[in-house]
Structures are given as structure tokens and as C-alpha cells.
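Chains A and B are the protein sequences, given in the same order.
Numbering-wise (our numbering), the first sequence opens with residue 36 and increments by one.
Numbering-wise (our numbering), the second sequence opens with residue 36 and increments by one.
One structure is given here, and the rest of the page talks about it.
2 protein chains.
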Amino acid sequence: MPERQQAHPSVTPLIVERWSPRSFDGSDIPEEDLNIIFEAAGWAPSAFNIQPWTLLYARRGDANWDRFLALLVEFNQSWAKDASALVFVVSNRMQGRGEKRSENYSHSFDAGAAWAMLALQATTMGYHAHGMTGLQFDEAVSDLGIPEDHRLEAAVAIGRKGPKENLPEGMQEREAPSPRKPVSEIAIAGSFQ
Amino acid sequence: MPERQQAHPSVTPLIVERWSPRSFDGSDIPEEDLNIIFEAAGWAPSAFNIQPWTLLYARRGDANWDRFLALLVEFNQSWAKDASALVFVVSNRMQGRGEKRSENYSHSFDAGAAWAMLALQATTMGYHAHGMTGLQFDEAVSDLGIPEDHRLEAAVAIGRKGPKENLPEGMQEREAPSPRKPVSEIAIAGSFQ
């Protein structure tokens with residue numbers, strides 16, 4: 036895997052330096068810090084300012100921690116167990132009330148923007164946030180009481196980075212910021228090609 | 036509408052100060068600046084680092100500008116005409132190849148994270164980015180040649196903010212950063228309530 040390389044030095048360091056480690060140090064996170072991180076998520080833009088996101092969370096060792104951890108796939112459990120908080124990001128598929136009730140076209144897209152804000156805010160505070168879609172979806176929806184008109188989008192592990200050596204060997208090799216497609220591949224002037 | 040108020044002073048100013056104006060000043064944006072903004076979008080996290088996003092763009096006055104503008108709903112055309120760039124954010128619904136080809140569960144969510152990075156990067160550079168789902172979807176999908184296995188997520192107007200007075204009266208009143216739900220409403224310890 037090629038190293039992460041920034042093409043334009045002008046890209047904000049916070050954006051380039053954010054990444055998703057798997058080795059966390061098993062420390063606790065103060066509730067106050069989590070609240071700051073969640074507030075940042077809430078500052079994301081959303082269609083008609085609907086803010087379709089809900090963040091279900093457990094802090095390491097609290098009454099919900101074991102239950103939350105068990106809702107990840109086993110691979111993710113194996114490293115996320117050392118994170119400080121686990122968050123399930125849920126979006127509301129619907130908007131409006133009564134006769135005006137309809138599908139919110141961008142509920143997932145907007146929740147993704149909230150997740151990005153969360154990850155950046157965590158990074159500014161010395162934490163790392165690692166998003167996951169490797170979840171036991173059916174169990175999670177049922178166990179977390181997610182209503183049918185909502186969608187479980189992803190889970191996030193938040194914590195302080197630990198040494199790579201804490202991970203099993205296979206994961207150690209992958210413990211590095213991942214590269215990206217060049218801009219010329221993701222941005223197109225005009226129509227789709 | 037209550038004013039935008041930050042609950043925790045520790046939330047990164049960039050995240051709180053980003054907002055979505057409608058009054059743009061009609062100036063041009065250098066291609067180089069757009070590339071920096073697009074690179075930032077590409078630094079977003081995504082499931083398995085698939086990076087499912089594509090950004091179709093037109094710069095003010097280029098060969099695609101009028102065509103892109105016409106794909107917004109009329110209300111959005113009325114103000115976005117003074118932006119410097121229009122971007123259609125598209126995601127690839129699918130992942131993998133051949134027998135492993137399957138739906139990417141988080142294609143919209145991940146594209147939303149890319150949009151958030153784009154908006155923040157634009158903000159650091161003195162631009163503003165305004166996302167829209169008020170689009171002529173059928174025409175846009177057809178006109179932009181978006182493949183069936185992709186999803187048109189949203190459009191974004193990028194530009195330099197103009198004076199509020201440039202807007203029609205009805206829009207002038209709404210030309211302010213919007214408030215947010217309190218953290219206690221979006222973050223829940225434990226299951227959904």
C-alpha cells in the first residue's frame with residue numbers, strides 16, 4: 036500500500052491527518068469530551084436543517100459497553116474492545132409529519148456529514164475515531180431498539196491511539212493511514228465518464 | 036429562528052463557523068482552489084477505503100455551467116447562479132467485482148462524509164459551500180450520464196459570500212447560520228428512546 040501523500044499543501048492538516056487506527060490504549064474518555072465531539076457532529080449541514088442523526092453511545096465500562104461491543108462483527112470486537120467509547124450512528128429515514136410525511140432523500144448522506152464532523156473534532160482533541168460497517172446489523176437494530184423508519188448507518192470507535200504492537204500481527208501491518216485516489220479520478224469537469 | 040449558539044467553547048471554530056449562505060458574489064474560482072477543495076473531499080473516511088464518491092463540476096461561465104445550473108430546482112437556480120462552482124456529488128452503490136460484486140452499504144453515508152470535508156475545506160479558504168437536494172433529479176441523472184448503479188446524492192454551490200441585500204426579500208430574512216438541536220437530543224447513552 037502506497038503511503039498517504041497530500042497533493043496540495045493547502046489542504047487543511049486536520050483533514051489530511053485524521054485517520055482510523057485500530058490500536059487504542061484502553062483509557063477512559065470523560066463524558067464532557069464526548070459531548071464536545073457529539074456537538075461537533077451536530078454542526079454538520081443537513082437538508083432543510085432536519086439533522087436526521089442520532090448517536091447511541093456507550094463509554095468503556097459503563098452499563099451498555101459489553102452489549103454495544105458485542106454488536107460489532109468479531110474482527111472489529113477484537114480491536115475496538117480497547118477504545119474508550121462506541122457510537123452507533125442512526126439516521127431518520129423520514130421527514131415531516133402527517134400528510135407531509137415523506138422519505139428524507141439525504142438521511143444517510145447527511146448522517147455521513149455528521150460522522151465526518153465527529154471524526155475531525157475527535158482528532159483535534161487528541162482522540163481518533165474509526166468508523167465501521169462491520170456490524171451484526173440485525174442484532175444491533177433489535178438490541179438498540181432502532182425504529183423501522185430509521186437506518187443504522189455505522190458504528191464508530193473513539194479512543195486514544197495505542198502502540199501498534201498491541202495488535203495481532205496481521206493487523207499491525209495495516210495500522211497506517213490509507214492512501215486516496217488522485218483528485219483527477221474523483222473530480223470530473225462536466226458529465227460522468 | 037434562534038441564533039446559532041455553541042454549547043461547548045471547545046468545538047473547533049471551523050466546524051461551528053461553517054454555514055450555507057445563498058448570497059454569492061458572482062466571482063470566479065481558480066481551478067487550483069477547486070482542486071484543493073476536491074482533494075479535501077477525497078480525504079474523507081469510507082468503508083474499506085472504497086471512496087465511493089465522484090464530484091461532477093462546472094465552473095462559472097464554463098461550457099457546462101448553464102447546463103448544470105438548469106438541473107437545480109428553480110428556487111435554487113435563483114441564488115446559485117451567483118456561485119463560482121456547482122458540484123454534483125454522486126456515489127457508487129456497488130463494491131467489488133465479478134462474483135464479489137455487492138451493494139456498498141454505506142455509499143451515501145461515505146459520500147456525505149466527503150461533502151463535509153469539502154465544505155470545511157472551502158470554509159478555510161474563504162469560500163462557502165451550500166449543499167442542495169432541491170434538484171431536478173430525473174433530468175440531472177440523464178443529463179449528467181449518471182450510471183444506474185450510482186446515486187446522485189446532492190448538489191453543492193461553492194463561492195464567495197455576497198451581501199445579503201443581493202437576495203430577494205424573502206431570502207434575506209433566512210440568510211443566517213441555522214441553529215442546531217441540543218446535544219442531549221441527538222446523543223443517547225444506550226438504546227434508542
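Virtual Cβ for every residue (Gly too), placed ideally from N, Cα, C.
Owing to the predicted nature of the structure, the values given are computational and were not obtained by experimental measurement.
Quick check on the DSSP output: the beta strand (DSSP E) that includes residue i runs from which residue to which?
| i | result |
| --- | --- |
| Ala222 (chain A) | Ala222 to Ala224 |
| Leu187 (chain B) | His185 to Gly194 |
Can you give the beta carbon distance from residue i to residue j, rounded, assuming they're within the 8 angstroms contact cut?
| i | j | result |
| --- | --- | --- |
| Leu121 (chain B) | Ala190 (chain B) | 6 angstroms |
| Ala76 (chain B) | Trp150 (chain B) | 7 angstroms |
| Pro56 (chain A) | Glu210 (chain A) | 6 angstroms |
| Phe227 (chain A) | Gly180 (chain B) | 4 angstroms |
| Glu66 (chain B) | Thr158 (chain B) | The Cβ separation is near 19 angstroms, so there is no contact. |
Run through DSSP, which three-state label would residue i get?
| i | result |
| --- | --- |
| Met36 (chain B) | Bear in mind that the predicted position of Met36 (chain B) carries a pLDDT of just 42, short of 50, making it too unreliable to give a figure here. |
| Glu138 (chain A) | strand |
| Leu49 (chain B) | helix |
| Ala164 (chain A) | strand |
| Ala118 (chain A) | coil |
| Gly205 (chain A) | helix |
Taking 8 angstroms as the cut-off, decide whether the C-beta atoms of residue i and residue j are in contact.
| i | j | result |
| --- | --- | --- |
| Ala148 (chain B) | Ala118 (chain A) | no |
| Arg186 (chain B) | Arg128 (chain B) | yes |
| Leu202 (chain A) | Ser62 (chain A) | no |
| Ser126 (chain B) | Ala146 (chain B) | yes |
| Ser213 (chain A) | Asn139 (chain B) | no |
| Ala222 (chain B) | Phe73 (chain A) | yes |
| Met160 (chain B) | Ala79 (chain B) | no |
| Asn99 (chain B) | Gly225 (chain A) | yes |
| Gln156 (chain B) | Ile71 (chain B) | yes |
| Val124 (chain A) | Gly169 (chain A) | no |
| Ala105 (chain B) | Ala192 (chain B) | no |
State the beta-bridge partners of residue i as determined by DSSP.
| i | result |
| --- | --- |
| Trp100 (chain B) | Trp100 (chain B) is not bridged to any residue. |
| His89 (chain A) | Going by the sequence as given, residue 89 (chain A) is Thr instead of His. A:Val125, per the DSSP bridge assignment. |
| Phe59 (chain A) | A:Lys196 |
| Leu107 (chain A) | A:Leu170 |
| Arg94 (chain B) | B:Ala120 |
What are the boundary residues of the alpha helix (DSSP H) that residue i is part of?
| i | result |
| --- | --- |
| Gly133 (chain A) | Premise fails: Gly133 (chain A) is in no alpha helix (DSSP H) and is neither H nor E. |
| His142 (chain B) | His142 to Thr159 |
| Leu76 (chain B) | Note that residue 76 (chain B) is Ala in the sequence shown here, rather than Leu. Element bounds for Ala76 (chain B): Glu66 to Gly77. |
| Ala175 (chain B) | Phe172 to Asp178 |
With 8 angstroms as the threshold, decide whether the Cβ of residue i is near any Cβ in chain D.
| i | result |
| --- | --- |
| Val108 (chain B) | Of the protein chains in the structure, A and B, none is chain D. |
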